[in-house]
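In the numbering used here, the protein residues as written are 13 to 108.
For glycine and all other residues, C-beta sits at the position ideal for the given N, C-alpha and C.
It should be emphasised that the depicted structure is a prediction, and the values quoted were computed from it without experimental measurement.
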């Protein structure tokens, strides 16, 4: 297997995020169309899990000295994806 360069690793991260973004939006749309109440519960639980993990990263400094800044940046990105998937208009909730 070929060793990836730093630029290749960035492409991996970018493409991974895009594929997860698309999958989450598709899943949310299908769930909302089929079972709106179940969708609200499932997607709400997923959002709470992200909030909990990011909060723990901040409290415990799991990503080093920049843990809070990293958690906020991740929260903003994931929040934007979730907002789009839920049809919300820019209501990003930060987890820090």
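Could you tell me if residue i is buried or exposed, where buried requires 16 or more neighbouring beta carbons within 10 angstroms of its beta carbon?
| i | result |
| --- | --- |
| residue 91 | buried |
| residue 87 | buried |
| residue 94 | buried |
Compare the C-alpha of residue i against each of the options and name the closest.
| i | options | result |
| --- | --- | --- |
| residue 96 | 21, 40 and 18 | 40 |
| residue 84 | 93, 98 and 69 | 69 |
| residue 25 | 81, 101, 89 and 98 | 89 |
| residue 58 | 13, 22, 27 and 98 | 98 |
Excluding the 5 residues preceding and the 5 following residue i in the sequence, name in chain order all residues of the same chain whose CB lies nearer than 7 Å to its CB.
| i | result |
| --- | --- |
| residue 103 | Here the model assigns residue 103 a pLDDT of 45, short of 50, so the residue's position is not dependable, and the following value carries that caveat. Same-chain partners within the cutoff: 95. |
| residue 73 | 79 |
Ignore the nearest five residues each way along the sequence and tell me which others in residue i's own chain have a CB closer than 6 Å to its CB.
| i | result |
| --- | --- |
| residue 51 | 43 and 44 |
Assess contact between the stretch 64-84 and the stretch 24-37, defined as three or more Cβ pairs (one per stretch) separated by less than 8 Å. Is contact present?
no
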